[in-house]
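Visitor:
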Amino acid sequence: MSLALEKRGKDMTKHYTRLLQEVLDAAKDLAIQKHNYQVDIPHVWTVLTQPQSFALDFYSSLDFDMNEFISLINQEVAKIPVFSQTDPSRFGRQYSQRLRNLLEDAERERVELRDEIVTVEHLILGLFRQQRNPITVFLQKAGVDRDLVCQRLNKVRQGKRAIAAGQESHYQALSKYASSFNQWLAEQPERKVIGRKEEIKDIIRVLSRKEKSNAILIGFPGVGKARVMEGFVRRLAEGDVPENLMGKEVFKLNLASLIAGTKYRGEFEERFQAVLDELVAAKGRVILYIEDIDQIVTAGRTEGSLDAGNLLKPLLVGGQIHIIGTTTFAAYRESFELDQALEGRFQRIHIEEPSQEEALVILQGLRDHYQAFHGVSLSDEALQAAVSLSIRYLSDRYLPDKALDLIDEACAVKKIQPAQEDQGEAAVSREDIAAIVERMTGIKVQGIMDNEREHLLNLDRLLRQKIVGQDTAVQRVSEAILRSRAGIQNPKRPIGSFLFLGPTGVGKTALAKSLAELLFGNELEMVRLDMSEYMEKHAVARLVGPPPGYVGFEEGGQLTEAVRRRLYSIVLLDEIEKAHPDVFNTLLQVLDEGRLTDSKGRTIDFKNTILIMTSNIGSQQILESLQTSQGLTAERKQEVIDLLQHSFRPEFLNRIDETVIFNPLQLSDMVAIVKMMVGQLQERLRHQLIDLRLDEEVYSFLAKEGYHPEFGARPIQRTVMRCLETPLARYLVAQKEQAQMTVRVRLLKDKDRLEFQYWS
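Numbering (the working numbering), first residue to last: 31 to 790.
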């Protein structure tokens, strides 16, 4: 190493920009890879001409053959001696004399240009001081001399001096970290913007202001904020704007490029400041569009450093730059609302979710685009289904995005079917859209669509097949659901809300499960909460989630999160009378408006749920009715209602669709329940090739054995297990080989024991 460089020793790298140091490090790695002892100029120029490098972009702007230039560099690398039989740790340990001289020349260029730090452009200029270097000779033969390079570099640097370690990232920052939105949209003529005229006018109005002429579009994900921006740029390109906006160009910031490779504190801010400087230099001719602008506000925020929001504030006030950003309501609260000074420099434009009719118009306008791309046809029926089914089943997302997702997915599925089934031209139908919704949600949408009318008309009969001894309760529930589905009831409320009263084991939970199976396709489509866990005041927060900063905030509420994941389900709240009074305040909003806001500010939709609350209030009065021949009389029912009104507030009871009192089970009801349970056992045994047959008197025997009025039907299950399943299991386990057989169960003459007869 020369004397000048040795004086600086290891500290010399402090006078290099980060990019130059990275280039030298990469050149050393290349020398090691090539088994070269020394790092030489060809190694450095190989790195400098890598794709997307600063030097390659610069050289490409000059008028010579880049392929021939790179080929020459590769030839020069190949001329460097290769050593393969020595210690690998010796490779690339030192710079060649030529490279040392070049670094000295780069230092001289720094001094001449009055810069404070050595940059890559100093290295490029310094190469011309080595007249005999093959790379220099090639450039001079191609008509590229030091004066031309210096002139072009000054244009790139825009007259700025090199003072920062990240200096190269400041050059042409706008073209490096942003792209022309006008140009991109001109290359996408098929992209249409349907509607949104008022929102586009709002953007034009804000940009025409003298001060604070910066807009921020706020809306839920998927409502079309980016499309509104496209509509504005279309009008800008077509000249359909006021004179003060004529000729302006919109650049879209690429946040990923801006952040990529930032390893040191403040490096992100340096790059963003360079972008802002170019915006100021453009004197209003450029509008910067920042998608998800909330990320910019916090992207560079670290302890002891400025964030991008603070860089924006002084420029936004005086109208030196124009910025349009987009964000969501949640992100806006977490970023802009925390910095009121920054918030005040933007004009908010709310982008609302389109109505069902507007969404359908949008889909009709985009139909040709999807048909041409996928090579399938889309019927009006399919478009209507995409809108209606997305509203009904994807209520945690927003139009038009969720409807377009269904269309795109259904077209993609349909497109690959002809190749497999040779069906000719593919057409997307309403059933195809329903199948996509079913796959997204897990709800048997097609089955509900096909069978819902039949299920609703026969709901009373179908429920009676599953629920024994509760005909009145079944009828009242069926009628309430029928009214809701017919559209008579308020569509914003839940499908139905019920309060089930009765002693344990009479079928309250069984009715809820049966409703889930018949209406939603699966009895597992049920959210079940035991309200005895919500007796304390502090436990109420668990329904909607703890406030920010508390343990469990990220997990959400036990009720809201469960319904958000199962938007189409039964919500069963067991033993509601045990809940804290504040729980009922929370439920009032669900019963009245069909929605609930969780601790994260998200609105959870309950309009596709059936809310069922169970209670044991009045159980004693109901059981006492068994002691009379008249059963559950009107007087007894009134006693139960009086107890109910004493236990719950009127505003809560008035919001419930139906209060259903379940009858106590009679002995005759138990016989029917036994037959249902035995039928389920017979079905399980049939898969093992076992035919189970019971004499009629056995059913009555099991019913009497398991009949305990105060416990309802639950003892029956234990009786069937003890008297039937256990003896059968003992016999089957004793068999060495499983064979097809018939089992007959009969009651012995003494009437207190069952006899099992087996034959193959």
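All C-beta atoms in this analysis are idealised placements derived from N, C-alpha and C, irrespective of residue type, glycine included.
In the structure shown, what three-state DSSP assignment does H738 receive?
Guide: If DSSP states are grouped into helix, strand and coil, H738 belongs with the strands.
Visitor: Taking one C-beta from the segment 691-706 and one from the segment 519-535 each time, how about it: are there three or more such pairs within less than 8 Å?
Guide: With a cut-off of 8 Å, the segment 519-535 and the segment 691-706 count as touching, because enough Cβ pairs lie within range.
Visitor: What residue does the beta strand (DSSP E) around G77 start on, and which one ends it?
Guide: Before going further, note that residue 77 is Val rather than Gly in the sequence given. It is not in any beta strand (DSSP E) - V77 instead sits in the alpha helix (DSSP H) that spans I71 to L78.
Visitor: Can you grab the Cα-Cα spacing for the pair V773 / R723, in whole Å?
Guide: Roughly 6 Å between the two C-alpha positions.
Visitor: How close, in whole Å, do the beta carbons of R257 and V280 come, if the pair is a contact with beta carbons under 8 Å?
Guide: About 14 Å separates the two Cβ atoms, so there is no contact after all.
Visitor: May I ask you to list the residues that DSSP assigns as paired with H352?
Guide: Answer is I317.
Visitor: Tell me which same chain residues have a C-beta within less than 7 Å of the C-beta of M771, skipping the five on either side of it?
Guide: If we look at M771 and ignore the five residues flanking it on each side, its Cβ neighbours are I720, Y788, W789 and S790.
Visitor: Which residue wins for smallest C-alpha separation from Q68, given the options T76, K58 and W75?
Guide: Of the listed residues, the one whose Cα sits closest to Q68 is K58.
Visitor: Return the chain-ordered list of same chain residues with a C-beta closer than 7 Å to the C-beta of K522, the five sequence neighbours on each side being excluded.
Guide: Cβ neighbours of K522 beyond the five flanking positions: E623, G624 and K637.
Visitor: DSSP state of Q105, grouped into three classes?
Guide: Reduced to three states, the DSSP call for Q105 is helix.
Visitor: So L489 and L548 are in contact, right, with Cβ under 8 Å, and what is the actual spacing, rounded?
Guide: Yes, they are in contact, since the Cβ atoms of L489 and L548 sit about 7 Å apart, within 8 Å.
Visitor: For S659 and G535, what's the separation of their Cα atoms in angstroms?
Guide: Note that S659 scores a pLDDT of 49, beneath 50, so its modelled location is shaky; the value from the coordinates is reported in the next line. Taking the straight line joining both Cα atoms gives about 22 Å.
Visitor: Relative to the alpha-carbon of E566, which residue among F614, L545 and E591 has its alpha-carbon at the smallest distance?
Guide: Measuring from the Cα of E566, the nearest candidate turns out to be F614.
Visitor: Which residues in the same chain as K608 place their Cβ atom closer than 7 Å to its Cβ, once the five residues preceding and following it in sequence are excluded?
Guide: Answer for K608: M561, S562 and M565, listed in chain order.
Visitor: In this structure, what does DSSP give as the bridge partners for T689?
Guide: Partner(s): L529.
Visitor: Helix, strand or coil for A456 per DSSP?
Guide: Three-state DSSP puts A456 in coil, outside helix and strand.
Visitor: Cutting at 6 Å between CB atoms, please list the residues of its own chain near G736, excluding the five before and the five after it.
Guide: Cβ within range, chain order: P745, I746 and T749.
Visitor: Using three-state DSSP, classify K282 as helix, strand or coil.
Guide: Here K282 sits in strand by DSSP.
Visitor: Would you identify the three-state DSSP class for A245, choosing helix, strand or coil?
Guide: Three-state result, A245: strand.
Visitor: Mind checking which residues open and close the alpha helix (DSSP H) that includes S420?
Guide: Residues D410 to Y423.
Visitor: For the 8 Å Cβ check, are there 3 or more pairs between the segment 460-467 and the segment 411-427?
Guide: Short answer: they touch.
Visitor: Strictly by DSSP, which residues pair up with F786?
Guide: According to DSSP, F786 bridges with V775.
Visitor: Could you tell me how far apart the beta carbons of L372 and K343 are, in whole angstroms, since I believe they sit closer than 8 Å?
Guide: Indeed they touch by this definition, with Cβ atoms about 6 Å apart.
Visitor: Does DSSP classify A312 as helix, strand or coil?
Guide: In the structure shown, A312 sits in coil (DSSP, three-state: anything other than H, G, I, E or B).
Visitor: Thinking C-beta only, is K240 closer than 9 Å to R375?
Guide: No, they are not a contact pair.
Visitor: Can you look up Y46 in the DSSP assignment and give me helix, strand or coil?
Guide: Strand, per DSSP.
Visitor: Run through DSSP, which three-state label would I720 get?
Guide: In this structure, I720 counts as strand in the three-state DSSP scheme.
Visitor: So what does DSSP say about V305, is it helix, strand or coil?
Guide: The answer is helix: DSSP assigns V305 an H, G or I state.
Visitor: Answer with buried or exposed for V263, where buried requires no fewer than 16 other C-beta atoms within 10 angstroms of its C-beta.
Guide: With 16 or more other Cβ atoms within 10 Å, it is buried.
Visitor: Three-state secondary structure (DSSP) at S287?
Guide: It is helical.
Visitor: Per DSSP, which residues does R625 bridge with? Please list them.
Guide: Beta-bridge pairing links R625 to D635.
Visitor: May I ask which residues mark the beginning and end of the beta strand (DSSP E) holding I642?
Guide: Note, I642: beta strand (DSSP E), I640 to S645.
Visitor: Buried or exposed, going by whether 16 or more other CB atoms sit within 10 Å of the CB of P524?
Guide: Buried, because 16 or more other Cβ atoms sit within 10 Å of the Cβ of P524.
Visitor: Buried or exposed: A743, going by 16 or more other Cβ atoms within 10 Å of its Cβ?
Guide: By the neighbour-count rule (16 or more Cβ atoms within 10 Å), A743 is buried.
Visitor: Given that a residue counts as buried once 16 or more other Cβ atoms are within 10 Å of its Cβ, and exposed if not, what is L60?
Guide: Buried: at least 16 other Cβ atoms inside 10 Å.
Visitor: In three-state terms, what does DSSP make of Y125?
Guide: Residue state, collapsed to three classes: strand.
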